[in-house]
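These notes concern the structure reproduced below.
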Amino acid sequence: MNAKYPVPARAALAFVLLAGILLPLSSTASTWCGDNGLIRFSFVQGDSLVTVLHTDESENGVTSFDLYAWLTEFEPVAKDGEAFLHLGGIELKLSITGAEAFVLEQEFPSKVLNVGKEMGHIAAGLSPGEKIRDNKVFIVRWKVMIQGRPENVRIGLDPSGLMSCAQLEGCPDCEPVALYVGNQSSQQVGVMFGAGYVPSWVNPAGEPDQTPVTGKCTWRDVGVFSER
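Under our numbering, the first residue of the sequence shown is numbered 1, with each subsequent residue one higher.
Written as C-alpha cells, this is what we have:
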C-alpha cells in the first residue's frame, strides 16, 4: 500500500484513514482518556512472555527472530456503564537500538487496514476488533533480522511515530508512547487511550533494564473512565 503514495501524501492519507477508522471524523468528537496498559514484547508465541533473548553465534552471518507484541496489564474500566472490552485500532512504532535491524515480516491476528509508513510502524484499524481477554490482547508478530551476533540490543517504542495524538485535545501534554481506541460495535471508537511499554533485549550485557516507559497521564488522572 505504501508504495502507491509519496511520503507527504501517505501522511495525509494516514490522518484521513485514522480519522475514519480509529477516530471519529472530527478530532473534536474524540476523547483523550490517558494511559491504560503496557505494550510487552516476547520472543515466543503465546501469552507466556519471554522478554529477553540470548542467541548463539549467528547462522550464515545473521541473527533472525520472531518478535511478538501484546497490550497487557490493562486495568478494567467503563464509561457510562459500558465496559471497554475491544480494541478497534492501534498506533505504535517499533524501535530497535544497539544494532541495525531489518523488519522482514509484519503479521496481524485479524484483518487490518494499516497506514503505517514502514514495516514496524503501525497505524491500523482492526476489523472487527480484538477482544481483551484476561486484561491482555495480542497485537502483531514481526520477523526481525540483524547482521552478525548482536549484543545489548534494546527493543522498545518510538513515540515520534504517533500521527493521531497531535490532533487530540489533552493528548500531546500527556506524551503517550502508543495509542489505541475502542471499536464500533461497543460505540467506543471515539475514545483514545495511551499505553507505555516494557523494553525487551537481545543478548544484554549484564542485567537488562526493563523499567516501564510510560506517558505522563494515566486514565485515573484524566477521569473519563472509571474503575470497573
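Glycine included, every Cβ here is placed at the ideal spot set by N, Cα and C.
Per DSSP, which residues does residue i bridge with? Please list them.
{"i": "TRP32", "result": "MET192"}
{"i": "VAL153", "result": "VAL202"}
{"i": "SER127", "result": "LYS111"}
{"i": "VAL137", "result": "LEU71"}
{"i": "GLU82", "result": "LYS79"}
{"i": "LEU267", "result": "Outside the shown range of the chain (1 to 228) lies residue 267, about which nothing can therefore be said."}
{"i": "LYS216", "result": "Paired residues: none, contrary to the question."}
{"i": "VAL144", "result": "PHE65 and VAL103"}
Just the C-alpha distance for residue i and residue j, rounded to the nearest angstrom, thanks.
{"i": "LEU168", "j": "GLY190", "result": "11 Å"}
{"i": "GLU53", "j": "SER95", "result": "Correcting the residue type first, residue 53 is Leu in the shown sequence and not Glu. Near 16 Å, if we compare the C-alpha coordinates of SER95 and LEU53."}
{"i": "GLN45", "j": "CYS174", "result": "32 Å"}
{"i": "ARG220", "j": "PHE84", "result": "15 Å"}
{"i": "VAL144", "j": "ALA166", "result": "30 Å"}
{"i": "GLN239", "j": "LEU113", "result": "With the chain represented from 1 up to 228, any question about residue 239 goes unanswered, as that position is not in the structure."}
{"i": "ASP209", "j": "THR31", "result": "33 Å"}
{"i": "PHE317", "j": "LYS79", "result": "Since the first residue shown for the chain is 1 and the last is 228, residue 317 is missing from the structure and cannot be characterised."}
{"i": "GLY88", "j": "MET192", "result": "10 Å"}
Tell me which same chain residues have a C-beta within less than 7 Å of the C-beta of residue i, skipping the five on either side of it?
{"i": "PHE74", "result": "ASN36, GLY37, ILE132, ASN135 and LYS136"}
{"i": "SER58", "result": "GLY148 and ARG149"}
{"i": "VAL77", "result": "ASN36, PHE84, TRP219, PHE225, SER226, GLU227 and ARG228"}
{"i": "ASN152", "result": "GLY98, ASN203, PRO204 and ALA205"}
CB-CB under 6 Å to residue i, same chain, minus the five flanking residues each way: which ones, in chain order?
{"i": "SER200", "result": "PHE41, THR51 and ILE155"}
{"i": "VAL140", "result": "ALA69 and PHE108"}
{"i": "LYS216", "result": "CYS174 and GLU175"}
{"i": "LEU104", "result": "LYS143 and MET145"}
{"i": "GLY161", "result": "LYS93 and HIS121"}
{"i": "GLY170", "result": "TRP32"}
{"i": "GLY34", "result": "CYS217, THR218, TRP219, ASP221 and VAL222"}
Taking the beta carbon of residue i as the centre, do at least 16 other beta carbons fall within 10 Å, making it buried, or is it exposed?
{"i": "THR97", "result": "exposed"}
{"i": "GLY148", "result": "exposed"}
{"i": "GLY223", "result": "exposed"}
{"i": "ASN60", "result": "exposed"}
{"i": "ALA123", "result": "buried"}
{"i": "SER110", "result": "exposed"}
{"i": "THR229", "result": "With the chain covering 1 to 228 only, the question about residue 229 has no answer from this structure."}
{"i": "SER226", "result": "exposed"}
{"i": "GLY206", "result": "exposed"}
{"i": "ILE21", "result": "Because ILE21 carries a pLDDT of 46, less than 50, the predicted location of this residue cannot be relied on, and no value is offered for it."}
{"i": "PRO172", "result": "exposed"}
If I measure Cβ to Cβ from residue i and keep anything under 8 Å in the same chain, skipping five residues before and after, which residues do I get?
{"i": "GLN187", "result": "GLU82"}
{"i": "VAL62", "result": "MET145, ILE146, GLN147 and GLY148"}
{"i": "ILE39", "result": "ALA69, TRP70, LEU71, THR72, LEU92, ILE139, LEU157, VAL177, ALA178, ALA195, GLY196, TYR197 and VAL198"}
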